[in-house]
Amino acid sequence: MQKTTPHHWLLYCRPGFEPDCAQEALRQARQQRPVLAEQPAIIANSGYVIVALNEQSLSYRELIFARQLIRLHHTIAVLSERDRLTPILAAIAALPGTFGALWLEVPDTNDGKTLSAFTRRFQPLLEAALREHGKLQDTSKNTICPDKTTSHSTGLSKGDSQVAGYEPVEEGHDEKTADCPQKASTSSARAEKILPYKTSHLPRLHIFFPDKSSALIGTSDPHNSAAAIMGIVRQSMPVEAPSRSTLKLAEAIEVFMDRSEQTRLLRQGMTAVDLGAAPGGWTWQLVRRGIRVTAVDNGPMKGALAKHPLVEHLKQDGFKFAPRKTVDWLVCDMVEKPSKVAKLIEEWFAAGWCRHAIFNLKLPMKQRLVALDSALGGIRKRLDEEGINYRMMAKQLYHDREEVTVFLTKTKG
Ligand SMILES: C[S@@+](CC[C@H](N)C(=O)[O-])C[C@H]1O[C@@H](n2cnc3c(N)ncnc32)[C@H](O)[C@@H]1O
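This is the structure we're talking about:
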C-alpha cells in the first residue's frame, strides 16, 4: 500500500489547554477519515499543538480551543543566533507562491513574551528581504504588536541586522499602544488597532518561534483562520468599565460578528437581559451601545451603572427570572455548571424570550470537551426539535480563562 506523507498543522491555544485543542482537532479530522495513530507529542503549557493528518482539512470556525490554524510546512529545529535570516529565507523560498502578510509569532506564555522584542526587530528585516524576493505583497499592515511585558533585549544578533543593513532603534513603550496589533499614535489609528488585521486573499505567512533557537514556518488561509496576530483579538480596557469581564463581551462581539452584523444586531433602542450582571462589565458594553438592560444579580452593580437610566437592576435568581416581553439580547456570565446554563439558554430560545445570546460556559477541570459537547449538543437538539433556525459559534476567547464563550442567534428559515 502506498504510504502518504502526513500534513502537519500548527494550532495556537490558551496555555494549559493543549490536550483539549489537539483532541478537538483530531476529532474533527477523524470525522472525515481515520487519523494517523502516531501524533507529535503535546508540550504541556506551551500554548500550541501540532497535529499530523492525512488529507483531512480542518475548519477553524468549528474549533473551540484553537486560536489559530496554520498549515505547517517547515521546521527549523536548530536556528543559529548568529544568523536566523538565511535559513528562514531558504525555507520560505522553497514554498510556492506569494503571501499577503508576514506574521512573526511567539507562544502566549511568559517565555514567549521574552521573544517578542526579537520578533519586533526581526520583522522589518525579514519583510524587506521577502519583498525583494517577490514573496510578499501588501505588507502595509504587518507590523508586530509591542508587548507590555516584553524583555528589553532585542534578541537580534549582529549577523541578523547586517544582512539587510538593519539598524536597531530604541524601543518606546507607549502604554496606550501596548495592547495593539499595530503601533499607532493617532487616536483614529488607536481605535483601529484593537481590530483584527485587514487581510488580503493571499495566504499569510507565519513564522512561529517556540523558543529562541527554532522556528516553525507555515501558512494560513485568510478564510479559514483568525485575522489577528497570535490569534489574539486584543481589547483595550475601558477606564469607565466596572470590571475586566467587560473585555470578554467586547472580544466576543469582535470575534463572532462582522462589522455589518455588529451594526445590525447591536443598535440603540434595543433591549437586553444580563443574567449574573454584577458588577456590570457586560451591561456596560450594552449600555454604551444605547441598549436598555435588565441586569439580574443579587450582587451590587458598580459605579455609574447602578443608577444609569438604561439599566434596571433586579436582585433575583437568574435561573428563575423571566422577561415580561421578548428582548433582543440575552447575555449570561453566571458561574454555574455548563449543563445548567445550556438548559437555561434552551429554555429562553424555546420560549421566544430573546433573539440573540452571548453566554459563557465555565469548564470543569477534567473532561472539558465532553462537558462542552453535552452542553452545546443539548442546545442544538432542543432548537432543532423546536424548529428554530439558528447559528451558533463557540470559542475559547483570549479573555476567557477556564471557560468558553458562545454566540447563538436565530436566523431566518
Ligand atoms: C463572573 S461574575 C459576572 C461578571 C459580569 N459579567 C461583569 O461583567 O461584571 C458572575 C456573577 O453571577 C452572579 N450569579 C451567580 N449565580 C447567580 C444566579 N443564580 N442568579 C443571579 N446571579 C448569579 C454572581 O453574583 C456574580 O456577580
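Residues 108 to 520 (our numbering) are what the sequence shown spells out, left to right. Every residue gets a Cβ at the ideal spot worked out from N, C-alpha and C, and that includes glycine. Everything numeric in this text was worked out from a predicted model, so none of it was measured.
- Taken through DSSP and simplified to helix, strand or coil, L186 comes out as coil.
- Looking from the CA of Q342, the closest CA among S332, K355, H330, S350 belongs to K355.
- The beta carbon of G397 lies closer than 7 Å to those of Q375, G376 in the same chain, with the five residues before and after it left out.
- For F456, the secondary structure class from DSSP, reduced to helix, strand or coil, is helix.
- The Cβ atoms of E212 and H313 lie closer than 9 Å to each other.
- Inclusion of D404 in the 8 Å shell around ligand 1 follows from its C-beta lying nearer than that to a non-hydrogen atom of the ligand.
- In summary, V442 is exposed, with fewer than 16 beta-carbon neighbours lying within 10 Å of its beta-carbon over all protein chains present.
- CA-CA distance, P416 to V448, rounds to 29 Å.
- With a contact defined as Cβ atoms closer than 8 Å, P214 and P345 miss out at about 28 Å.
- Taking the C-beta atoms as reference points, A132 is found no nearer than 9 Å to A198.
- Where I336 is concerned, there is no enclosing alpha helix (DSSP H), because DSSP gives it neither an H nor an E.
- Ranked by Cα distance from S446, the options L476, L437, N331 are led by L476.
- For A478, the distance from the CB to the nearest heavy atom of ligand 1 is not below 8 Å.
- L243 and I195 do not touch by the CB rule: their CB atoms are close to 13 Å apart, not below 8 Å.
- In terms of CA proximity to G388, H506 leads the group E169, H506, Y167.
- Shown here, Y505 sits in coil according to DSSP, grouped into three states, outside any helix or strand.
- With a threshold of 8 Å, the Cβ atom of G410 does not count as near ligand 1, since no heavy atom of the ligand is closer than that.
- Looking at the DSSP output, Y119 bridges to Y155, Q175.
- About 13 Å separates the beta carbons of Q474 and F124, which is beyond the 8 Å limit, so they are not a contact pair.
- Note that the C-beta distance between L393 and G425 is not below 9 Å.
- If you check the CB distance, L202 and W116 do not come in under 9 Å.
- Counting only runs of 4 or more residues that sit fully inside the segment 441–485, the alpha helix (DSSP H) segments are 445–458, in chain order.
- Distances from the CB of T401 to the heavy atoms of ligand 1 are all 8 Å or more.
- Taking a cut-off of 8 Å on C-beta distances, the segment 131–145 touches the segment 159–167, as three or more cross pairs fall below it.
- Around the C-beta of M337, 16 or more other C-beta atoms lie within 10 Å, and the residue is accordingly described as buried.
- According to the DSSP assignment, D435 belongs to no alpha helix (DSSP H) but to the beta strand (DSSP E) extending over 434–439.
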